[in-house]
Amino acid sequence: MCLLVGAGYAALLYSAKAPWSRAINYALAAVRFAVVSFLCFLLLSPFLKSITTSTEKPTVVLAVDDSQSVGLFTPPAVLREATAGLTRLAATLRSQGFEVETRTLSASRAARLDSVQFRAPATDLDGLLAGIGEAWQGRNLAGVVLLSDGLVNQGQAPQFADYRFPLYAVGVGDTIPKKDLSLPALNYNRVAFSGNQFPIEVELAYDGFAAGTVANVQLREKGRVLQTKKVSLPTGQRRTKTTFLVTATGTGKRRYEVVAEPLAGEFTRLNNQKFAYLDVVKGKLRVLLAGAAPHPDLKALRAAILQNDNFDLVTYLPGISPLKSQDFDVAILHQLPARSGVGSEVLAQVKARRVPALYVLGAQSDFGAYNRLNTGLTVTPRGSQTDDVTPVPNPAFKRFTFDDDALRRFLAYPPVPVPFGEAQLGGGAEAALWQQVGRIATKKPLLVFGGTPAQRQATLLTEGSWQWRLQEAVEHDDKPVAYDQLVLRTLQLLTQNANRKRLDVYPTQDAFNGADDVTFGAETYNAIFERVYGEPVTLTLTDEQQQTRTFTFAPTPDGAPLHLGPLPAGLYRYQARATLGGQAQQDAGEVLVQEQQLEALQSRADHNLLAQLARRSGQRLYFPPQLGQLAQDIEKASYKPVIYEQEDLKDLINLKWLFFLLLGLMTVEWATRKYSGGV
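Everything in the sequence shown is counted per the numbering used here, starting at 1353 for the first residue and increasing by one.
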């Protein structure tokens, strides 16, 4: 039909006598026929189908356990043989048509095997192998060659994980027992009260020493020996315990050092030292938990608070339990102020004594009375309607942070009701949690910190948080850690000294590990306590040897912290200075950096674990001299390249060059007619 239309159009236009020659007439008729026929064809929406094929070679990933234990306890000759053997293995596999990648614990990719430094402070084999599985999901992963000593001290036990790829294990390290005395663990409370005695229980592990050998264990602080214990190592066992009783003096963060003096013939002294870090406080913080009526929230909040020995809890319900006339450090007011008017005496006491308070809003709350409390949040509900929401952390909130596990648990929380309407933040107020409705994250606040410098206040806009704790306890073996930490950190933030300072500098965590990036946050205020930014702040860190480090930074509106990088373990005192509005301001405090020493605790390699991992994937355990055999076994497995085929459909009318071709033909026809004397 398209050809008939084109032929008819050309015949109709060029059948009459023309002023040009017959050859030109036929040529013009042919051009018109081609253009019209093709335009008609395009009206039928034709398309082009193209098929693209690509080939992906099989990949072998060399997973290298570059932890400190491999470097410390593997004989140097064996370690050199292993790294050289892996280099030859990689070259052999590439010559056989394999792609070869290298992964380590401390880096996602290693450039060269001979440049690997065995310095990772912890071993998480499951994290390494699971990360490889995720990176190569849906790709042609032939297998993973794991070089390790089998010692795991972080993450999930790899023998219980399911890795969907062949795993070839290469064992290094030393499985021969050695004479060694170590301190695998210290057991103590992280918080102690000034003037009280607290125990530090010391676990000693030993191997290769005769029965009755006496070990001297010392408790030190700042290099000074506080106590010494003589511990007889019993026969037939590999562990024993001893306990130090210490009297907490003063207040603040303290670091105690426990040292087992080396014994004759001991293989290594790296694991003879352990540190205890604790916070000595003046006394328990008194918490008032008051509610308008009995509610499941009260039980959930009570259970979370009692997880911390630093809090002393008093519960008050109007008409059920009397309100004692005493001072409180912080109050939790559940649905108070209430529409029924109950609890007015509690509100009066909190207001008169300027007690920091956490308000939990719900169906019984009097929102008009609440809005007059100057909490930094104004709530205007629309009738009794509610939204069902889940919590989403505000990344700009830096006063405390949530770890990755807590974020995953938040995602599993059930929706809870919040008042439907407007919730507006006032000056100086910050949202720690936003509301998420279904899958849509909103900018409506769920947990807000505000108030005045003289009285800190926070608001939780739901009375259904008990469901979060219950759900988390069911899914995580009765350990609702994320919920409890959220409640405790809220109370800790409220009970910090009232911020009458215009410069507030603070570490973003209570304590850091030796491998962590130590970070500090800062807040600067003008004369009327409005946040200001861009003013330079000088931070000076002083360690226990009185050596100082100085850093300069400026707070920014996005709340980006100051990154100091990893620091040596110890107790640091910091002092911050800034000039705000022409006046000198300063702040001071302490920060702990803890030394874990995970890699020095165990010197005996665990090749049984490596053999178990290999057997589960149908492979076996190899040793460095057998890496040539490993290359042959991988070749015999006959891993093949994978050919991928992709089909693509494209409408013909979308090809731009066709437009210009048709335009060119029509232009040639028009120009020829004009030049030859036609119209």
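We put the CB at the ideal spot given by N, CA and C, even for glycine. Quick caveat, the model's predicted, so the values are computed rather than measured.
Around the C-beta of T1456, 16 or more other C-beta atoms lie within 10 Å, and the residue is accordingly described as buried. Counting C-beta atoms within 10 angstroms of its own C-beta, R1808 has 16 or more neighbours from the protein chains shown and is therefore classed as buried. Beyond the five residues adjoining it in sequence on each side, L1493 comes within less than 6 angstroms, by CB distance, of T1411, F1517 in the same chain, given in chain order. For the stretch 1496-1551, the continuous beta strand (DSSP E) assignments of 3+ residues that do not extend past its boundaries occur at 1519-1523, 1532-1539, 1543-1545, in sequence order.
Excluding the 5 residues flanking it on each side, K1582 has same chain C-beta neighbours closer than 7 angstroms at V1566, N1568, in chain order. In the assembly as shown, D1418 is a buried residue. Its beta-carbon has 16 or more other beta-carbons within 10 Å. For P1859, the uninterrupted beta strand (DSSP E) run begins and ends at 1855-1859, by DSSP.
Under the three-state reduction of DSSP, P1920 is assigned to coil, being neither helix nor strand.
Distance from the CA atom of K1750 to the CA atom of L1622, rounded to whole angstroms, is 37 angstroms. Burial check for D1476: the Cβ neighbour count within 10 Å reaches 16 or more, so the residue is buried. Residue state for E1887 is assigned as coil, using DSSP reduced to three classes. If you look at Y1765, you'll find it isn't in any alpha helix (DSSP H); DSSP assigns it neither H nor E. The alpha-carbon separation between F1719 and R1691 amounts to approximately 8 angstroms. Distance from the CA atom of K1593 to the CA atom of Q1549, rounded to whole angstroms, is 19 angstroms.
When the five nearest sequence neighbours on each side are left out, the beta carbons in the same chain lying within less than 7 angstroms of the beta carbon of R1446 are those of V1452, in order along the chain. In its chain, beyond the 5 residues on either side, T1860 have a beta carbon closer than 7 angstroms to the beta carbon of T1753. Collapsing the DSSP output to three states places S1402 in a strand.
Taking G1693 as reference, the option from A1806, V1707, Y1722 with the minimal CA-CA separation is Y1722. Distance between L2010 and A1362, taken at the CA atoms: about 20 angstroms. Contact between the stretch 1353-1362 and the stretch 1378-1392 is present: 3 or more CB-CB pairs across the two stretches fall below 8 angstroms. Taking a 10 Å sphere around the C-beta of K1988, we find fewer than 16 other C-beta atoms and assign the residue as exposed. Note on the stretch 1365-1438: whole beta strand (DSSP E) runs with a minimum of 3 residues are 1399-1408, 1411-1416, in chain order. With 16 or more other Cβ atoms inside 10 Å of its own Cβ, T1435 counts as buried. Just measuring C-alpha positions, the residue of K1703, G1735, H1959, L1838 sitting nearest S1717 is G1735. Remark: C-beta atoms of G1922 and D1939 do not approach each other more closely than 8 angstroms. With contacts defined by Cβ atoms closer than 8 angstroms, D1501 and K1530 do not form a contacting pair. Under DSSP, Q1716 takes part in no beta bridge, so it has no partner. Inter-residue distance for R1883 and T1876 is about 6 angstroms (C-alpha atoms, whole angstroms). Here DSSP, grouped into helix, strand and coil, assigns I1792 to strand.
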